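In what follows, a single structure is set out as structure tokens and then discussed.
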């Protein structure tokens, strides 16, 4: 069995401190030391609309401490300095994360991850979430960040039944996210939506049977309808465009050549020669006979090796491959199994992006429940090694291009909305922020923030959502855009007051 992958992560645990101000001298909460001003904006009733980023999702789950560090909550703490009112959040019951039902954790909804110093791996915390999936909260909430929401979901009047995060706070079974937000008569709003329109497809490895990429015309129609209602009556707010999701750490932790010699060593015996003789060699020779020998090459006996994967763009050679293997003397059952499994298989390339979700599956037995596929042969039972990784675990260059094209179109819609409402909307360039995090990093309050998995300070253990320190950076970028557009002078928060990772034990928060 292939050995587990390990990452060394730096854990920074800090506590939140509050600034004090002395109006008689200067205001330390403002950019220029002069008295704080809201400028031309009215923050007395702020409502945030968005997805998991707005909700404060982190480490693979939604939990109370993570919600406290959501960028809208940080913004609200700054708005309170200039007359901003109460900002309510639908907090989860505890810090386990996700939902339970009948005392059992609901699959796919938590628990949160922590960094296990014994295994050097992210592991789920123990325990069962105290947030029952059937519980409904009464009242209205300023933080309307709904994990999993796509642009058009915010307008869907049956969404409460489809998404338990909205279902627990919706005013009725037919309510919409936008409708419940506007019912609070906000004076200021934030809208950052569209990430899941691209991210759901990307994290599914471009497998549309699992999650589709929102058509650009649907996004355009939905987004413009959202904006038209949010700015009605001259209401002001801040919006953000979308980063290139394929630059997220989620796609850069597991490398294409992840199979090291140690991974391919079992009981102190290196398996490379045996794999070459029994599988890779026969496959390469048969594929070469068919003019496709570059699909699978022999494994190196010294360096790292690529993994096996399914490429749906390849011509299916199952029948031809089976016939060639039989002609070469292989028995019919084995040749048939190899043809079936490797008809559209190849080895991973440097241009392929491997999803972080593959990390716990590489080397494991293919499972229909977990991987969407099973193996017809017990001898071909190690994902990525003797059985190709399914489409859901790999983004190929064509899929990356498809996602980037859609993202560019989404951003054109978002930026056009800002341009059409130049007096009432501030725009945060999240695309540029992510670019800076990827290329060199952003230095703030003495911290270098990068897109490197966890050790870059910005992202949590799920490789997608920010850490508390990352959310603080986002909040400050929103405040910069608000200052520039509306003449306010918020200084923002000190990133040093926010941790990178949460500990396993909530008592140590």
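In our numbering, the protein residues as written are 207 to 715. Don't be surprised by glycine CBs; every beta carbon is placed ideally from N, CA and C. Everything numeric in this text was worked out from a predicted model, so none of it was measured.
So does the region 497 to 517 actually touch the region 587 to 607, counting three or more Cβ pairs closer than 8 Å?
-> yes
Per the contact definition of three or more C-beta pairs closer than 8 Å, is the region 681 to 691 in contact with the region 615 to 635?
-> yes
Output yes or no for whether 9 Å exceeds the beta carbon distance between residue 339 and residue 372.
-> Here residue 339 refers to the residue found at position 133 of the chain shown. Here residue 372 refers to the residue found at position 166 of the chain shown. Not closer than 9 Å, so no.
Reduced DSSP secondary structure (H/G/I, E/B, other) of residue 294 = Along the chain shown, read from residue 1 onward, the residue named residue 294 stands at position 88. In this structure, residue 294 counts as coil in the three-state DSSP scheme.
Less than 9 Å separating the beta-carbons of residue 416 and residue 669?
-> Taking the chain shown and counting its residues from 1, the one referred to as residue 416 is at position 210. Taking the chain shown and counting its residues from 1, the one referred to as residue 669 is at position 463. Their beta carbons are not under 9 Å apart, which means residue 416 does not touch residue 669 by this criterion.
Excluding the 5 residues preceding and the 5 following residue 366 in the sequence, name in chain order all residues of the same chain whose CB lies nearer than 7 Å to its CB.
-> Taking the chain shown and counting its residues from 1, the one referred to as residue 366 is at position 160. These residues qualify, in order along the chain: 372, 373, 376, 379, 381.
Roughly how many angstroms separate the alpha carbons of residue 699 and residue 522, rounded to a whole number?
-> Your numbering for residue 699 matches position 493 in the chain shown. Your numbering for residue 522 matches position 316 in the chain shown. In this structure, the CA atom of residue 699 is about 55 Å from the CA atom of residue 522.
Do residue 704 and residue 677 have their C-beta atoms within less than 9 Å of each other?
-> Residue numbering aside, residue 704 sits at position 498 when the chain shown is read from its first letter. Residue numbering aside, residue 677 sits at position 471 when the chain shown is read from its first letter. Taking 9 Å as the cut-off, the beta carbon of residue 704 is found closer than this to the beta carbon of residue 677.
Using the Cα positions of residue 506 and residue 585, report the straight-line distance between them to the nearest angstrom.
-> For the purposes of this step, residue 506 is taken as the residue at position 300 of the chain shown. For the purposes of this step, residue 585 is taken as the residue at position 379 of the chain shown. Cα-Cα distance, rounded: 21 Å.
Beta carbon of residue 573: closer than 8 Å to some heavy atom of the ligand ATP?
-> In the structure shown, the ligand ATP is absent, as is every other ligand, since no ligand is present at all.
Within the region 632 to 667, ranges of the beta strand (DSSP E) (whole runs, at least 3 residues) = 648 to 650, 653 to 655
I think residue 254 touches residue 396, with their Cβ atoms under 8 Å apart; what is that distance to the nearest whole Å?
-> Taking the chain shown and counting its residues from 1, one reaches residue 254 at position 48. Taking the chain shown and counting its residues from 1, one reaches residue 396 at position 190. Rounded, the Cβ-Cβ distance is 5 Å, consistent with contact.
Counterpart residues of residue 338 in DSSP-defined beta bridges = In the chain shown, residue 338 corresponds to position 132, counting from 1. DSSP, once it has assigned bridges, lists 306 as partnering residue 338.
When the distance is taken between beta carbons, is residue 369 closer than 9 Å to residue 273?
-> For this step, residue 273 is matched to residue 67 along the chain shown. For this step, residue 369 is matched to residue 163 along the chain shown. No, these two residues do not count as a Cβ contact at 9 Å.
Let me know the secondary structure DSSP gives residue 228 once reduced to three states.
-> For the purposes of this step, residue 228 is identified with residue 22 of the chain shown, where counting begins at 1. Only weak support exists for where residue 228 lies, its pLDDT of 38 falling under 50; the coordinates are left without a value.
Okay, do the region 299 to 306 and the region 273 to 282 touch, 3+ Cβ pairs below 8 Å being the bar?
-> no
Report buried or exposed for residue 528, applying the criterion of at least 16 other Cβ atoms within 10 angstroms of its Cβ.
-> Within the chain shown, numbered from 1, the residue matching residue 528 stands at position 322. Burial of residue 528 is indicated by the presence of at least 16 other C-beta atoms within 10 angstroms of its C-beta.
C-alpha distance - residue 322 paired with residue 710, whole-angstrom precision = As a first step, residue 322 is located in the chain shown; it is residue number 116 there, counting from the start. As a first step, residue 710 is located in the chain shown; it is residue number 504 there, counting from the start. Roughly 8 Å between the two C-alpha positions.
Tell me the DSSP bridge mates of residue 442?
-> Here the question's residue 442 lines up with position 236 in the chain shown. According to DSSP, residue 442 bridges with 394.
May I ask which residues mark the beginning and end of the beta strand (DSSP E) holding residue 399?
-> Counting from one through the chain shown, the residue named residue 399 turns up at place 193. Segment: none, residue 399 is in no beta strand (DSSP E) and carries neither H nor E.
Between 604, 708, 479, 655, which lies nearest to residue 559 when the distance is taken from Cα to Cα?
-> Locating residue 559 in the chain shown gives position 353, where the first residue counts as 1. For residue 559, the nearest C-alpha among the options comes from 604.
Tell me whether residue 424 sits in a helix, a strand or coil according to DSSP, three-state version.
-> Taking the chain shown and counting its residues from 1, the one referred to as residue 424 is at position 218. Helix, per DSSP.
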